[in-house]
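Just below is one structure, and these are the notes that go with it.
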Amino acid sequence: MDGLSLRALSEIIELERTRNYLRPGDVSTAVALWKDYVHQTERALWHDYECGNVHSYCCGDPLEARALLDTVMQALPPRGARELRKIVNRSDAVWGLPA
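With my numbering, letter number 77 in the sequence shown gets 77, and the count goes up by one each step, no holes.
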């Protein structure tokens, strides 16, 4: 993931290896899914709100991805969590969530 130090990346890899709710690559997938979701057009977001995200079963649920990122940021050591939070906050700002 761009913007993370090698130390933070190794902490994430270790977390993905040792936690039963994570698999290798889950965190980077969650970051990408959330980033892609918040950059969708308002029309696409409204369609997801009205009809549900029909692709969430095959491609992942972006809201669940964001919740997973919260869990990971709490589980990481402070320095790694701060770096990941900085990346996630950029997407949150697009979505309109407070930092």
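Yeah, the Cβ is synthetic: ideal placement off N, Cα and C, and Gly gets one too.
Distance between beta carbons of residue j and residue i, contact taken as under 8 Å
i, j, result
"E83", "S5", "6 Å"
"L22", "L15", "6 Å"
Candidates the options: closest to residue i by CA position
i, options, result
"C59", "I13, D26, W95", "D26"
"V72", "R19, D36, T41, A93", "R19"
"L33", "G80, L68, A93", "L68"
"D61", "R7, I13, T29, G3", "T29"
"R90", "Q74, R7, A75, D36", "D36"
"R17", "R85, Q40, A75, K86", "A75"
Cβ-based burial, residue i [other Cβ within 10 Å; buried from 16]
i, result
"R111", "No answer is possible for residue 111: the residues shown for the chain start at 1 and end at 99."
"P24", "exposed"
"G80", "buried"
Within 8 Å, strictly: CB atoms of residue i and residue j
i, j, result
"P78", "E11", "no"
"K38", "W95", "Correcting the residue type first, residue 38 is Val in the shown sequence and not Lys. Yes; because the gap between Cβ atoms is below 8 Å, this pair is in contact."
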